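J.: Take the position in the sequence shown, starting the count at 1, then add 54; the result is the number in my numbering. Where a beta carbon is used, it is the ideal one built from N, C-alpha and C, also for glycine. Predicted, not measured: the structure shown is a model, and the values here were computed from it. Starting off with a structure, shown below.
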Amino acid sequence: MTRRDFGKAATTVAGTSLLPAGLVQFARAADHLSIRRFPKGFVWGCATASYQIEGGANEDGRGETNWDVYSHTPGKIHNNDNGDVADDSYHLYKDDVQLLKNLGVGAYRMSLAWSRIFPTGKGQVNQKGVDYYDRVIDELLKNGIEPYVTLFHWDLPTGLAGGWQSRDTSKAYGDYAAFVAKHFSDRVQNFMTINEFICFTDLGYLVGQKAPGMKLPPSELFQIRHHGILAHGLGVQAIRANGNAKTKVGLAENPNVFVPVMETDEHVEAAKKATRIGNAPFITALMEGKYIDEYLQTAGAHAPKVEAGDFKAIGSKLDFVGLNVYTPTYVRADSSPLGFSVEHFQTNFPNMTSPWLRIGPETAYWSVRNICDNWKMPTLYVTENGCSADDVLTSDGRIEDTERVMYLRNYLMNFHRAISEGYPLKGYFLWSLMDNFEWEDGYNKRFGIHYVDYKTMKRTPKLSAEWYKQVIAHNAVE
Ligand code: GAL
55 MTRRDFGKAA
65 TTVAGTSLLP
75 AGLVQFARAA
85 DHLSIRRFPK
95 GFVWGCATAS
105 YQIEGGANED
115 GRGETNWDVY
125 SHTPGKIHNN
135 DNGDVADDSY
145 HLYKDDVQLL
155 KNLGVGAYRM
165 SLAWSRIFPT
175 GKGQVNQKGV
185 DYYDRVIDEL
195 LKNGIEPYVT
205 LFHWDLPTGL
215 AGGWQSRDTS
225 KAYGDYAAFV
235 AKHFSDRVQN
245 FMTINEFICF
255 TDLGYLVGQK
265 APGMKLPPSE
275 LFQIRHHGIL
285 AHGLGVQAIR
295 ANGNAKTKVG
305 LAENPNVFVP
315 VMETDEHVEA
325 AKKATRIGNA
335 PFITALMEGK
345 YIDEYLQTAG
355 AHAPKVEAGD
365 FKAIGSKLDF
375 VGLNVYTPTY
385 VRADSSPLGF
395 SVEHFQTNFP
405 NMTSPWLRIG
415 PETAYWSVRN
425 ICDNWKMPTL
435 YVTENGCSAD
445 DVLTSDGRIE
455 DTERVMYLRN
465 YLMNFHRAIS
475 EGYPLKGYFL
485 WSLMDNFEWE
495 DGYNKRFGIH
505 YVDYKTMKRT
515 PKLSAEWYKQ
525 VIAHNAVE
């Protein structure tokens, strides 16, 4: 008997209450507190990305990408792993659709590899690449799962000379987006232009931790970031122009999530302000259609060259904002000129097995609230949330990832809080459907709710998959 059934049985017999009125109220309130039911129609899904799962790197005319080059450069990736085979979803996609179906999800967030469709990033379409995505999308629809499609999740065709240093790349992206919308919008309603600006700009060109692994002077970064958001803007325009009346456009962004150290007015206000200033190059620029003064002051002489029309595109109205939510930044109000400061982490602050993934369940609530409080949004989705864990198979072949369940449950409870306060969060995509190529960490960090044996490609549901299936079936976190 579940807690819910017990509560029901204890308080009613054939619809007649056994408890005095006051206690019935109490039982109902307790039930309400322990079961967090999501709104009817809430979208439950899982997320993946092309380079992380597909493999088939040299098949059917796929062009080379920056991640092919980077992962084949010795010393860049843990264990010198690469995505040549990854989860082999290029061949096993039907199995993967069955994993989704078994979970009961209504939606799947996937990304397209630009270089399968345009092998050099522009010019001639590669029909075989298009056919592959037609097959995947049709298979999803056949199984009652709605595809949510990201157009760029970091795998950039190397045929685009200069990569994101070149403004031409933004233009090529616009053309690619036009083709994608024209071809797929009969079956795909929701498109996400780009995944996480900071990772392919700052981490790719300044820090050198992700492809293309460059360490340029900070002064060059402002222009690279600008090309990233310009691509998004041109993409939104192209998708609108080539989609149809049902087409919806957004993006999947990972804003820095500022969590107030205390929920008092001044710290809550500090978190709101920090959200705007701390995300100035990306989400703030998109939402406000400009670079805010604080950002331009920081850039000084290195401020990006902005051409006429750029911000008209960049500030294009979106149908939704997708948030990739992982880890907190704690902030407090203070008397500094900006009015806030960021708290340092104690060395014993808990994290999941990826050192950067500090555990802060309230991040979930504030990710939604800060965005909505700054810029009214009609619709938000969580386009990624999940965690790495050191999954080990038991002797009978199970994965008891209770720590992942703990992480997911607590984050989901906080997303639920945002919904219960009226914030327009409409869906949740768990990262990730299955273990995959975790960028510079190679196959060493597992984020999946299905375990992948990379020798046999066997997928095994972890405890977290069983748990997520229950969440979806009940439309509730218990
Ligand atoms: C996100 C990224 C995903 C995945 C995840 C876990 O930043 O979009 O591709 O790697 O983090 O690290």
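1. With 16 other CB atoms within 10 Å as the buried threshold, where does Thr318 fall?
2. Using beta-carbon positions only, say whether Met467 and Arg189 come within less than 8 angstroms of one another.
3. Trp493 to Leu275, Cα distance in whole Å?
4. Curious, which full-length beta strand (DSSP E) runs of at least 3 residues does the region 161–246 contain?
5. Can we say the region 212–225 touches the region 270–285, given the rule of at least three CB pairs closer than 8 angstroms?
6. Roughly how many angstroms lie between the CA atoms of Cys100 and Leu484, to the nearest whole one?
7. To the nearest angstrom, report how far apart Gly28 and Phe96 are at their CA atoms.
8. So, at 6 angstroms on beta carbons, what are the nonlocal neighbours of Glu118 in its own chain, with the 5 sequence-adjacent residues on each side left out?
9. Just checking, does the region 342–359 make contact with the region 289–306 on the three C-beta pairs under 8 angstroms criterion?
10. Could you give the DSSP three-state label for Ile413: helix, strand or coil?
11. Quick one: grab the DSSP three-state call for Ala63.
12. Tell me, please, which residues DSSP counts as bridged to Phe483.
13. Would the C-beta of Trp485 count as close to the ligand GAL, meaning under 7 angstroms from any of its heavy atoms?
14. Short of 6 angstroms in beta carbon distance, which residues of its chain neighbour Ile191, apart from the five on each side in sequence? Order them along the chain.
15. If you count every other CB in all the chains shown that lies within 10 Å of the CB of Thr456, and 16 or more means buried, which is it?
16. Apply the 10 Å Cβ neighbour rule to Ala265 and answer buried if 16 or more other Cβ atoms are within range, or exposed otherwise.
17. Return the chain-ordered list of same chain residues with a C-beta closer than 6 angstroms to the C-beta of Ala167, the five sequence neighbours on each side being excluded.
18. Under 8 angstroms between the Cβ atoms of Ala226 and Gly175?
19. Is the number of C-beta pairs between the region 431–439 and the region 467–482 that are closer than 8 angstroms three or more?
T.: According to the data block:
1. exposed
2. no
3. 21 angstroms
4. 161–165, 200–206
5. yes
6. 4 angstroms
7. Summary: the structure shown does not reach residue 28, with the chain confined to residues 55 through 532, and so no result is reported for it.
8. Thr212
9. no
10. coil
11. Only weak support exists for where Ala63 lies, its pLDDT of 40 falling under 50; the coordinates are left without a value.
12. Gly99
13. yes
14. Pro201, Arg241
15. exposed
16. buried
17. Ser104, Asp209
18. yes
19. yes
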